[in-house]
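A.B. asks:
Protein chains: 2
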Amino acid sequence: MKLVTTFEAPAALGGEWLTGRGTDADIVISSRIRLARNLRGHRFGAQADAEERAAIEEEIRGGLSRSEFAAEMSYLALHGARPLDGELLVERHLISKELHRGEGPRGVCWSPDESVSVMVCEEDHVRLQVLRSGFELEAAWTAADSVDDALARRLDVAFSSRFGYLTCCPTNVGTGLRASVMLHLPALVYTKHIEKVFQAGAKMGLAVRGLYGEGTQPSSDFFQISNQTCLGRSEHDLVESLQRVVPQFIQYERKMRDGLLRGDRAALEDRSWRAWGILRAARTISTEEALEHLSALRLGAHLSILPGAVTMELVNELFLMCQPAHLQRLGGGPMEPRARDVARADLMRRRLGEL
Amino acid sequence: MKLVTTFEAPAALGGEWLTGRGTDADIVISSRIRLARNLRGHRFGAQADAEERAAIEEEIRGGLSRSEFAAEMSYLALHGARPLDGELLVERHLISKELHRGEGPRGVCWSPDESVSVMVCEEDHVRLQVLRSGFELEAAWTAADSVDDALARRLDVAFSSRFGYLTCCPTNVGTGLRASVMLHLPALVYTKHIEKVFQAGAKMGLAVRGLYGEGTQPSSDFFQISNQTCLGRSEHDLVESLQRVVPQFIQYERKMRDGLLRGDRAALEDRSWRAWGILRAARTISTEEALEHLSALRLGAHLSILPGAVTMELVNELFLMCQPAHLQRLGGGPMEPRARDVARADLMRRRLGEL
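Chains as they are written, first to last, in our numbering: chain A, 32 to 386; chain B, 32 to 386.
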């Protein structure tokens, strides 16, 4: 494991989850498995003082550095790291906003393709995540399980034979597992059927959230759907239940897309082409508006409305790069919001204008 | 004078008033003088029965055909003409909506460059109009006066030594003159100062109206400003008072444009470029939205924000051609509103996409 002091993005394009590959990738952007783990013999993060947190961070970092699976991974201690690095990691979905905003000893370890990350001293001592492009929950679960096994060989993990894995928040006790998918549902939003998805999700014990998970509002046409229960069911059951429900949402979105194509093709084409026109022309644009148009580009590309040069990889790249921290990294320094809006528009014109 | 049975548009581009030439043409689109005249010995149009209206129309048509100034002009009898022809003439500002929607014998006579038109059996027996590109009220008045003199030699015009020219509506009695200018005031609209223009206009006895004159709402960034009085002042006085006031509005708009360029150049550039991007990409667009974007193109062209290929002539051509009747003439037949929106977007893409 390589200890780093800054986050150096490996390339313009982000991790494996941004490649646009995988099953049902026209609708499922990514699949995620997250496991919450804590060390035996230490207080949970919220109760631990600075000294104990430092000990926890050191113990986990040590365990990771001795793990074979982490041989190629990088570790960044977030205390002392530049705030912009934390923001970049949030935008790449490698860490949570909570870890970024936290205080004291804490860190993150990630794999070169960014599909595996291990947050240290977040709400729980360890938050392990596997993120995959497309609808690949099973594969993500298999990978997460194997990383978890490897970690368990190096760390003394708190486990109760009665409750299962012990976690800071009772909602995570048991498997400590959260499975989620990020869905792109523009046709359900456009036809105003999205509320039904929320209602169906709630009935099935699923949470529907925005782009950055807990505490963020669903905005634009992107939704994160995850299981809410951790206790009383096996990991396999939890993954399998989401695996069973998501295809219904996928079908629902496809049906609406077909309906739009048949009933109001002109409006659908118009929406994609306008997004294309605006992104190639605007001189200033907010993140929110850029995401709205990128959503229309994504749909237009999948429905073969837009030129073939508008690939998923390109849309996903812009999706990532148009965010505030990435824009500032690209621009070489801190920027005020207004300057970011100008830089964002410049980026869009440059990348889409050359097609 | 050539009697025609259909209106054949001479070219894609409309009349002289659409050339974008003349004084202060960056803000003053066109200047117009209208004179209302009636024949002695006939009832006004509203009181005349069908037989009398037929006699009036015949008498005026005869007078026109014997006038030298009308030698090159065309005359279309609107009773019996196709409705689309009437709509085309309205969109070209050659006739009023009232004449188009009227019933019974009525017609219009216009010059090849469409700067002179004579409406027959509108509210008054004769409505003579001269329309010029730019801020050219004096030139328009001189031309109108000369046509009026020529007409007076062929027609027995109702004139009272006490009241002046007698007209159907008392507000036109006296000179029968209405002078007006069409102004493009996007910066005053954008900065929300336009209400002050309305208030100042009202105080000076001026009317502020929309694109198609009386009864139309000011929409988009285009405003028609005209005198309200006809009685008790000479023609020269009436023209001169508008001639004196309009430069204040021009200065006010220029000041706001300068202010925007200095204070919020990015927003101004963004607005013009987005209009450009949307018009080059949209697949369906309403007249109202097209006018809004053409207004931004016009401003962007005058402020040298947009490519030099975006000329006033091109913007004005699109301005004319994007209207419903012109679109249908271009498309070769009647179209439903939705089909027109698609045809309008096609036209914009074709003409702006090739630049």
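Idealized CB from N, CA, C, for every residue including glycine.
Since the structure is predicted, the reported quantities are computational estimates derived from the model, not experimental observations.
#1: Cβ of Leu186 of chain A within 7 Å of Cβ of Gly72 of chain A?
#2: Let's test the definition: count the other Cβ atoms within 10 Å of the Cβ of Ala312 of chain A and tell me whether it reaches 16, buried, or not, exposed.
#3: In chain A, what lies closer than 8 Å to Trp307 of chain B by C-beta?
#4: Could you tell me which chain A residues have their CB closer than 9 Å to the CB of Thr315 of chain B, listed as they occur along the chain?
#5: Cβ of Trp304 of chain B less than 7 Å from any chain A Cβ?
#6: With a cut-off of 8 Å, do at least 3 Cβ pairs link the stretch 49 to 61 of chain A to the stretch 198 to 215 of chain A?
#7: Are the beta-carbon atoms belonging to Val35 of chain A and Leu107 of chain A less than 7 Å from one another?
#8: When the cut-off is 7 Å and only beta carbons count, does Ala373 of chain B lie next to chain A?
#9: What are the start and end residues of the alpha helix (DSSP H) that includes Phe280 of chain B?
#10: From Ser142 of chain B to Ala356 of chain B, what does the alpha carbon distance come to, in whole angstroms?
#11: With 16 as the cutoff for other CB atoms within 10 Å, does Asp289 of chain B come out buried or exposed?
#12: Between which two residues does the alpha helix (DSSP H) carrying Arg68 of chain A extend?
#13: Classify Ala298 of chain B as buried or exposed, calling it buried when 16 or more other Cβ atoms lie within 10 Å of its own Cβ.
#14: Looking only at its own chain, which residues have a Cβ that is under 7 Å from the Cβ of Leu292 of chain A, when we skip the five neighbours before and after it?
#15: Ala67 of chain A and Thr198 of chain A - do their beta-carbons sit closer together than 7 Å?
#16: Straight-line CA distance for Leu361 of chain B to Phe350 of chain B?
#17: In terms of residue numbering, what span does the beta strand (DSSP E) encompassing Ile256 of chain A cover?
#18: What is the DSSP secondary structure of Gln359 of chain B, counted as helix, strand or coil?
#19: Skipping 5 residues on each side, what residues in its chain have a beta carbon closer than 7 Å to that of Cys200 of chain A?
#20: For Lys33 of chain B, which residues of its own chain have a beta-carbon under 6 Å away from its beta-carbon, when the five flanking residues on both sides are left out?
#21: Is Leu107 of chain B helix, strand or coil by DSSP?
#22: Which residue or residues does DSSP assign as beta-bridge partners of Leu237 of chain A?
#23: Please state whether DSSP places Gln160 of chain A in a helix, a strand or coil.
#24: Buried or exposed: where does Gln354 of chain B fall if 16 or more other Cβ atoms within 10 Å of its Cβ makes it buried?
#25: From this set, A:Gly308, A:Phe280, A:Ala376, which residue's C-alpha is nearest Thr318 of chain A's C-alpha?
#26: Just to confirm the assignment, what range does the alpha helix (DSSP H) spanning Arg209 of chain B have?
#27: Assess contact between the stretch 341 to 350 of chain A and the stretch 365 to 372 of chain A, defined as three or more Cβ pairs (one per stretch) separated by less than 8 Å. Is contact present?
#28: Check whether the Cβ atoms of Val151 of chain A and Arg163 of chain A sit closer than 7 Å, and answer yes or no.
#29: So, with DSSP's three-state summary, where would you put Phe166 of chain A?
#30: Please check the pair Gly135 of chain A and Arg84 of chain A, which I expect to be a contact at CB under 8 Å, by giving their CB distance rounded to whole angstroms.
#31: Quick one: Cα of Gln359 of chain A to Cα of Ala374 of chain A, how far?
#32: What first and last residue would you give for the beta strand (DSSP E) that runs through Lys390 of chain B?
#33: Do Asp176 of chain B and Glu47 of chain B have their CB atoms nearer than 7 Å?
#34: With distance defined between alpha-carbon atoms, name the residue in A:Thr260, A:Asp268, A:Leu219 nearest to Phe253 of chain A.
C.D. replies: Concretely, from the data shown:
#1: Between Leu186 of chain A and Gly72 of chain A, the CB-CB gap reaches or exceeds 7 Å.
#2: buried
#3: Ala312
#4: Ala297, Ala298, Glu300, Asp301
#5: With respect to chain A, the C-beta atom of Trp304 of chain B has a partner C-beta closer than 7 Å.
#6: Output reads yes: the stretch 198 to 215 of chain A touches the stretch 49 to 61 of chain A.
#7: yes
#8: Looking at the sequence provided, one finds Val at residue 373 of chain B rather than Ala. Yes, contact with chain A.
#9: 266 to 294
#10: 21 Å
#11: Asp289 of chain B should be labelled exposed.
#12: Note, Arg68 of chain A: premise wrong, no alpha helix (DSSP H); beta strand (DSSP E) at 59 to 68.
#13: exposed
#14: Closer than 7 Å at the Cβ level, and outside the excluded window around Leu292 of chain A, lie Leu299, Leu334.
#15: yes
#16: 14 Å
#17: 253 to 258
#18: helix
#19: Glu154
#20: Ser105
#21: In this structure, Leu107 of chain B counts as strand in the three-state DSSP scheme.
#22: A:Asn258
#23: strand
#24: buried
#25: The residue from A:Gly308, A:Phe280, A:Ala376 with its alpha-carbon nearest to that of Thr318 of chain A is A:Ala376.
#26: Note, Arg209 of chain B: premise wrong, no alpha helix (DSSP H); beta strand (DSSP E) at 208 to 215.
#27: no
#28: no
#29: coil
#30: 5 Å
#31: 9 Å
#32: Look at the range of chain B in this structure, 32 to 386, and you will see that residue 390 of chain B is not part of it.
#33: Judged by their CB atoms, Asp176 of chain B and Glu47 of chain B are not nearer to each other than the 7 Å cut-off.
#34: In terms of CA proximity to Phe253 of chain A, A:Leu219 leads the group A:Thr260, A:Asp268, A:Leu219.
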